[in-house]
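J.: Per our numbering, the sequence shown starts with residue 450, numbered consecutively. Don't be surprised by glycine CBs; every beta carbon is placed ideally from N, CA and C.
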Amino acid sequence: MKALVAVDWGTSSLRVARIGEDGTVLEERGNPRGILTVPAGGFPQVLDETCGDWLRQAPGELCLVSGMAGSRQGWVEAPYCACPAGFGEIGAHLQWIDARTAIVPGLSCEHDGVPDVLRGEEVQVFGAMSLLDQTEGLFVLPGTHSKWVRVEGGRVQSFSTWMSGEFYALLRQHSILARTLPAEDGPLDEDAFRQGLAQAAGSGSLLRAAFSARTLSLFDRMPAAGMPSYLSGLVIGEELRAQPRAASPVTVIGSATLAQRYASALTWQGTASRCLGAEATWRGLWRIARGVQA
């Protein structure tokens, strides 16, 4: 195994890491140049500005790029790899830029004839599998578009996308609810959050439950400072309500703040969980690189 230059290139930011032969992260860097800020043909230059010195110091090292750099708006489109898919399928579908640089494909699956996709999260799931030595289970990756991923036999069998973060932002900023919510979310109010989870579980529909964020304010049943947490509980609760109850711990992968919120919601539901962060991305790219170099 040679060292690896790992690249996580998203819509709004670029992160890179130099990873040693044994999987140890030797150095990390960040750059605000997400794919939407890069002009056509400008991706090689931005990558060089971010970690070109690493690439020049070790010209034989592999460089793997994950995330939205492989989308139609990115560097080069990397076609989706159909599920079920594991390390072998991902490695076989890498989109090579040159002899040392490749883009990791996203994954696709279908539900009732309708396609679903993810791009970037597959690397995090594979990294979590490697870190936890796990080949079965349910993984959730919260965010603007949350992903629930089912793994069996070391391969992603299927997944589903939930626009929870985007719906929260729409309700928070562009609905009638915005008029009674404070300007800033503030710290999480656990009691208000759990009340939102309970309301979502009992209402049967977010379309019905969402209006309670207005009426509780109208009748002074909840302090204004707790309303963003309550609304967050409604949205996340709707997401959890639609999931099958997991028999084994659910692995939550994401930023510490959001991952802990989902872990708290799962605990309230009676489901065990464990959380991972950025380390899942770097381990996933390293594990894919191991297969390619082997």
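Enumerated in chain order, which unbroken segments of the beta strand (DSSP E) with a length of 3 residues or greater are wholly contained in the stretch 456-496?
T.: Whole beta strand (DSSP E) segments, 3+ residues: 463-468 and 474-480.
J.: Would you list, in sequence order, the uninterrupted alpha helix (DSSP H) runs of no fewer than 4 residues that lie entirely inside the stretch 489-573?
T.: The stretch 489-573 contains these whole alpha helix (DSSP H) runs: 492-506 and 536-541.
J.: Does threonine 716 come out as helix, strand or coil in the three-state DSSP assignment?
T.: What you label residue 716 is simply residue 267 of the sequence shown in a count that begins at 1. Reduced to three states, the DSSP call for threonine 716 is helix.
J.: Using a Cβ-Cβ cut-off of 8 Å (strictly less than) and excluding sequence neighbours within five positions of glycine 519, which residues of its own chain qualify?
T.: Locating residue 519 in the sequence shown gives position 70, counting from the first residue. These residues qualify, in order along the chain: Val525, Glu526, Ala527, Gln544, Ile552, Val553, Pro554, Gly555 and Arg568.
J.: How many whole angstroms separate the CB atoms of valine 605 and glycine 586, which I take to be in contact at a CB cut-off of 8 Å?
T.: As a first step, residue 605 is located in the sequence shown; it is residue number 156 there, counting from the start. As a first step, residue 586 is located in the sequence shown; it is residue number 137 there, counting from the start. Incorrect: roughly 11 Å between the Cβ atoms, too far for contact.
J.: Would you check if the distance between the CB atom of methionine 676 and the CB atom of leucine 630 is smaller than 8 Å?
T.: As a working mapping, residue 676 is identified with position 227 in the sequence shown. As a working mapping, residue 630 is identified with position 181 in the sequence shown. A contact, by the Cβ cut-off of 8 Å.
J.: Do threonine 460 and asparagine 480 count as a contact pair if the criterion is CB distance below 8 Å?
T.: Working through the sequence shown from its first residue, we reach residue 480 at position 31. Working through the sequence shown from its first residue, we reach residue 460 at position 11. Not a contact, by the Cβ cut-off of 8 Å.
J.: Taking Cβ positions, are threonine 720 and valine 701 nearer each other than 8 Å?
T.: Your numbering for residue 720 matches position 271 in the sequence shown. Your numbering for residue 701 matches position 252 in the sequence shown. Against a cut-off of 8 Å, the Cβ pair of valine 701 and threonine 720 comes out as no contact.
J.: Determine contact between the stretch 557-576 and the stretch 732-741, defined as no fewer than three beta-carbon pairs at a distance below 8 Å.
T.: Cβ pair count under 8 Å is three or more, so yes.
J.: If distances are taken between C-alpha atoms only, which option among Asp471, Ser462 and Leu463 comes closest to leucine 453?
T.: On the sequence shown, position 4 is the one that residue 453 refers to. The shortest Cα separation from leucine 453 among Asp471, Ser462 and Leu463 belongs to Asp471.
J.: Could you check whether the stretch 634-643 touches the stretch 582-596, counting it as contact only if at least three pairs of C-beta atoms, one from each stretch, sit closer than 8 Å?
T.: Touching, no.
J.: Looking at the structure shown, is glycine 586 part of a helix, part of a strand, or coil, going by DSSP?
T.: The count along the sequence shown starts at 1 and reaches residue 586 at position 137. In this structure, glycine 586 counts as strand in the three-state DSSP scheme.
J.: Could you give the first and the last residue of the continuous alpha helix (DSSP H) run that contains serine 607?
T.: Locating residue 607 in the sequence shown gives position 158, where the first residue counts as 1. Note, serine 607: premise wrong, no alpha helix (DSSP H); beta strand (DSSP E) at 604-611.
J.: Could you tell me the alpha carbon to alpha carbon distance between serine 722 and glycine 491, rounded to whole angstroms?
T.: The sequence position of residue 722 within the sequence shown is 273, counting from 1. The sequence position of residue 491 within the sequence shown is 42, counting from 1. Each residue's alpha carbon lies about 41 Å from the other.
J.: One question on the structure: do arginine 464 and glutamate 476 come within less than 8 Å of each other, judged by their Cβ atoms?
T.: In the sequence shown, counting from the first residue as 1, residue 464 sits at position 15. In the sequence shown, counting from the first residue as 1, residue 476 sits at position 27. Cβ atoms of arginine 464 and glutamate 476: not closer than 8 Å.
J.: Distance check for tryptophan 717 and leucine 656, CA to CA, integer angstroms please.
T.: Here residue 656 refers to the residue found at position 207 of the sequence shown. Here residue 717 refers to the residue found at position 268 of the sequence shown. Each residue's Cα considered, the two are about 22 Å apart.
J.: What does a CB cutoff of less than 6 Å around glycine 483 pick up in its chain, not counting 5 residues either side in sequence?
T.: Along the sequence shown, read from residue 1 onward, the residue named residue 483 stands at position 34. Hits under 6 Å: Gly459, Thr460, Ser461 and Ser462.
J.: On the CB-based measure, 16 or more other CB atoms within 10 Å of its CB, does alanine 705 come out buried or exposed?
T.: On the sequence shown, residue 705 is found 256 positions in, with the first residue counted as 1. With fewer than 16 Cβ atoms within 10 Å of its Cβ, alanine 705 is classed as exposed.
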